[in-house]
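Counting the first sequence from 1 gives a position; the numbering used here is that position plus 25. Each residue gets a CB set at the ideal place from its N, CA and C atoms; glycine is no exception. Beneath this line is the structure, given in structure tokens, with notes to follow.
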Amino acid sequence: MLSMQRHSKRFALIDCNNFYVSCERAFQPKLADRPIVVLSNNDGCIISRSNEVKSIGVPMGAPIFKWRKILDRYSTVVFSSNFPLYGDISSRIMSILAEYCADIEVYSIDEAFLNFANCTTDFAKEVQHMIMKCTSIPVSIGIGSTKTLAKIANKIAKQYLQYGGIFEIDGDLDIDNLLSTIDVSDIWGIGRKSTILLDAYGIKNAYELSKLPDRWVRKHLTITGLRTVQELRGIACSDIELHHARKKSIATTRSFGYEVNNLPELEQSISTYAARAAKKLRDQSSLASHISVFLHTNKFQDIIQYHQVRNIIFDEPTDYTPAIINAAISSIKHIYKDGYQYKKTGIVLSGITSNEYQQKGLFSENNYNRQRTINNLIDGINNKWGSDAIFFGSMGIKRNWRTVQNQHSRSYTTNIHDIIEVQ
DNA sequence: TCTGGGGTCCTAGGACCC
DNA sequence: TCTGGGGTCCTAGGACCC
């Protein structure tokens, strides 16, 4: 019975190829064969690469300045990240998937797991074709009896062009032989540290890992590692999660465009992040009971470093922007020290609860109806007229500290002024 | 010169209780 | 001066993911 259940499960992982790069290409087809990279905030790191750039050997997450010369030599097109665009394309792709399969788990901006128990590989081809037709985004599909195996199948689908972007790990294959071709570092859930540890014990590939005794794995790789190993053996430890869970923490953090050394600018930036985080909180109908504010210098520079965190527990859980800004400013004042060059600051809201019931403070004198009215008013104006249409004075006007984005593409699908023109 | 941001889960260890 | 055992809860930090 157990083994029947085991084999009745079938997961598909749909993963967009080089997603951010593909989004940029979708609106500039002339870039189809050009090497392209998309940069992180502040134009710092390379976070998406076209196949041409991958074949040059540029690694994921590399700082652009170290590779600029080589990329220029290949006439690489460089984009700053345009998350409104990528988010919009992503939601279009997810809606197409949802039309094909009700059991869908949106795993990340460019990936989704589907319950494929009753689907064929021909069906996968149809899904792939439809996404290309509607969005111009190429996707790869991996199928397996566990999510971990579907991930590996997806990797194979991407790697070997002869499969047309679709690969299934099923009972007809010599799975042990296939797993022995997969490096442990390429397994979902095995990161840098675990790879080093496994290497020290002579474990190089997925097959060797799958044969280790449970107790050893539990001891060295914790319970999460054991789940990964079970999944390599075809025993599903994780199912499709249909419902988008409420986030348990909400962060807004940024590096500055340049080093900041004065309190007023830090107060402006932390106010801005606080307002943004408060908005995210309200968008998921939550309250936060805890705020954490941090501040640090540039860890890559050979200078005297400073890093400090301040935690505050709210008297009562809140989603009220002024309350969150106040806590953020008082925190930053508390941890700020004169004489340092600061590179990054941010806030994290946690202790998240539903806004349906609000635990009131014992001595609270807050007027909740008034707070709600103000929240709704601000959100209403900003939703209609743009996210900065109305803002708090503490966020500053000039905001010189803001991140740098010099190669931004247009917001083709989310801003009417940026809509594409056809001549 | 130039190095992202936003999440989740797990564990160890401290505080506290009886 | 000597000073147990067992439990819970919380938090910081690490590892991992995209």
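Exposed or buried, what is K369 when buried is set at 16 or more other beta-carbons lying within 10 Å of its beta-carbon?
buried
Closest to T145 by CA distance: which of Y125, E136 and S161 is it?
Y125
Return the chain-ordered list of same chain residues with a C-beta closer than 6 Å to the C-beta of E77, the five sequence neighbours on each side being excluded.
P60
Considering only the alpha carbon of each residue, which of S436, R424 and N440 lies closest to K409?
N440
So what does DSSP say about S133, is it helix, strand or coil?
Per DSSP, reduced to three states, the secondary structure at S133 is strand.
What does Y367 pair with, by DSSP beta-bridge criteria?
V285 and T322
State the Cα-Cα distance for the pair K423 and N391, rounded to the nearest angstrom.
32 Å
Can you list, in chain order, the residues of its chain with a C-beta nearer than 8 Å to that of S47? Leave out the 5 residues immediately preceding and following it.
C41, S161, I162 and P163
Based on the DSSP secondary-structure assignment, which residues constitute the bridge partners of V103?
V62
Cβ contact (3+ pairs, closer than 8 Å) linking the stretch 354-370 and the stretch 318-336:
yes
With a floor of 3 residues, list each beta strand (DSSP E) that falls wholly inside the stretch 335-383, ordered by position along the chain.
367-379
Take every Cβ of the stretch 148-158, pair it with every Cβ of the stretch 181-191, and state whether three or more of those distances are shorter than 8 Å.
yes
State the Cα-Cα distance for the pair V102 and D239, rounded to the nearest angstrom.
48 Å
Kindly list the residues whose CB is nearer than 8 Å to the CB of M119, restricted to its own chain and excluding five residues on each side of it in sequence; keep chain order.
Taken in chain order, the residues that qualify are I129, V131 and A137.
Considering Cα atoms alone, identify which of V373, N431, D340 and D413 is closest to F388.
D340
Taking only the alpha-carbon atoms, compute the straight-line gap between D211 and I177 and give it to the nearest angstrom.
8 Å
Measure the beta-carbon distance from I338 to A299 and round it to whole angstroms, keeping in mind my assumption that it falls under 8 Å.
Between A299 and I338 the Cβ distance is about 16 Å, and since that is not below 8 Å, they are no contact.
Here's a check: name, in chain order, each residue in its chain whose Cβ is nearer than 6 Å to the Cβ of T220, leaving out the five neighbours to either side.
V209 and S210
On the three-pair Cβ rule with 8 Å, is the stretch 426-436 touching the stretch 98-117?
yes
Closer than 7 Å: E49 CB and nearest the ligand ZN heavy atom
Within the structure as shown, the ligand ZN is missing, as the structure has no ligands at all.
What residues match up with R74 in a beta bridge as DSSP calls it?
Looking at the DSSP output, R74 bridges to V62.
Using the beta-carbon count (16 or more within 10 Å), is K304 buried or exposed?
buried
In the DSSP assignment, find the unbroken beta strand (DSSP E) run with C126 in it and report its ends.
It is not in any beta strand (DSSP E) - C126 carries neither H nor E in the DSSP assignment.
Going by beta carbon distance, what residues of the same chain come within less than 6 Å of I39, once the five residues before and after it are set aside?
A137, V164 and I166
Between the Cα of A142 and the Cα atoms of M157, C159, I168 and L122, which residue gives the shortest distance?
I168
Go through its chain and collect everything with a Cβ distance to I354's Cβ below 6 Å, but skip five positions before and after it.
E292
Quick check on R35: buried or exposed, where buried means 16 or more other Cβ atoms within 10 Å of its Cβ?
buried
So G167 is in the beta strand (DSSP E); what residue range does that whole segment cover?
Unbroken beta strand (DSSP E) run through G167: V164 to G169.
Selection from M85, S80, D308 and K79 that minimises the alpha carbon distance to I72:
M85
Using the beta-carbon count (16 or more within 10 Å), is M420 buried or exposed?
buried
Considering only DSSP beta bridges, list what R279 is partnered with.
T370
Taking contact to mean 3 or more Cβ pairs, one atom from each stretch, closer than 8 Å, check whether the stretch 249-268 and the stretch 225-236 are in contact.
yes
What separation, rounded to the nearest whole angstrom, lies between the Cα atoms of V62 and K180?
Near 20 Å, if we compare the C-alpha coordinates of K180 and V62.
In whole angstroms, what is the alpha-carbon distance linking T173 and I200?
Rounded to whole angstroms, T173 and I200 show a C-alpha spacing of 13 Å.
Give me the DSSP bridge partner(s) of L312.
Beta-bridge pairing links L312 to T378.
Are the CB atoms of N336 and H315 within a distance shorter than 8 Å?
yes
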